[in-house]
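One structure below.
Numbering (our numbering), first residue to last: 52 to 340.
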């Protein structure tokens, strides 16, 4: 019997009310599940506005221990009800440490563990190093009921090492929850196309589908505010954008992939057969140094 998996990406805007944001996400998860989706990806830090546009200590109070995070609890209940897997992006507190993290909820509602974002940006409008430590978990691949899912978080998506490491760990689908948009230091700069192309390259080089979920809308966290450019997508193993939103679309993208075909096609390309493992050091094992 052919193995297939149906994936989904959620694209929407978010406000200041965590409960409202969680409910909005839950509604889109239900919509995606009604269309057959089995693994459903919300965008990065959907619990609230993207607060990293500036450095304000009040936002530390919005972090939770990952097992008790309201978004994790709500999505686990939903995953149990709908029999779907949901990668849940959260602001995590562990003792005195704070992380930008991802909890994978499997079908049935079980939390499979936590991944902490490896690459932390620091620049105008994206001052994440003030809020987050670099991740200490290494990259993760989750053996869900439906497929082996590798998930990076936003800034991770620009690094080919992240994608390749997850593939070496057995990933069958790559996913990236994201919060990206305008650049406060240069209002003429639009990175939407390069953002897509970077991940399309991961799809091609690893012969794997890639799913990216971004938020939309204008958020007035600072006086200037930040506008998020959407363009969430699902790319196939060739890097073709088989499902795509624009800058203002709201909803879910859904697509089905044949995992058996992809396994055979990946072997035929020989990218993993021909790797020079003697040259890459720690990356040869699929884990960061």
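Idealized CB from N, CA, C, for every residue including glycine.
How long is the line joining the alpha carbons of residue i and residue j, rounded to whole angstroms?
i           : j           : result
residue 64  : residue 301 : 8 Å
residue 340 : residue 224 : For residue 340, the predicted structure reports a pLDDT of 45, less than 50, and the residue's modelled location is therefore unreliable. A value from the coordinates is still provided. Each residue's Cα considered, the two are about 23 Å apart.
residue 324 : residue 88  : 32 Å
residue 158 : residue 136 : 5 Å
residue 268 : residue 278 : 6 Å
residue 79  : residue 178 : 29 Å
residue 115 : residue 180 : 18 Å
residue 174 : residue 231 : 12 Å
residue 294 : residue 185 : 32 Å
residue 105 : residue 273 : 7 Å
residue 85  : residue 171 : 35 Å
residue 91  : residue 208 : 18 Å
residue 221 : residue 319 : 17 Å
residue 165 : residue 241 : 32 Å
residue 326 : residue 256 : 12 Å
residue 290 : residue 188 : 28 Å
Using the Cβ count rule (16 or more neighbours within 10 Å means buried), how would you classify residue i?
i           : result
residue 75  : buried
residue 122 : buried
residue 227 : buried
residue 111 : exposed
residue 281 : buried
residue 126 : buried
residue 52  : exposed
I'd like to confirm the pairing. Which residues does DSSP put opposite residue i in its beta bridges?
i           : result
residue 228 : 264
residue 144 : 149
residue 193 : 200
residue 166 : 153
residue 178 : 173
residue 251 : Answer is none; residue 251 lacks a bridge partner.
residue 90  : 58 and 136
residue 214 : Partner(s): none; residue 214 has no beta bridge.
residue 286 : 261 and 292
residue 115 : 143
Whole-angstrom Cβ separation of residue i and residue j, contact assumed at under 8 Å?
i           : j           : result
residue 235 : residue 308 : The pair is not a contact, with the Cβ atoms about 37 Å apart (cut-off 8 Å).
residue 163 : residue 204 : Not a contact, Cβ separation roughly 16 Å.
residue 264 : residue 94  : 4 Å
residue 216 : residue 190 : 5 Å
With residue i as the anchor, note down where its beta strand (DSSP E) starts and where it stops.
i           : result
residue 271 : Careful: residue 271 lies outside any beta strand (DSSP E) and carries neither H nor E.
residue 306 : 302-309
residue 294 : 292-295
residue 84  : Here residue 84 belongs to no beta strand (DSSP E); instead the alpha helix (DSSP H) covers 69-85.
residue 277 : 277-280
If we define contact as Cβ-Cβ less than 9 Å, is residue i a contact residue for chain B?
i           : result
residue 206 : The structure shown contains no chain B, having only a single protein chain.
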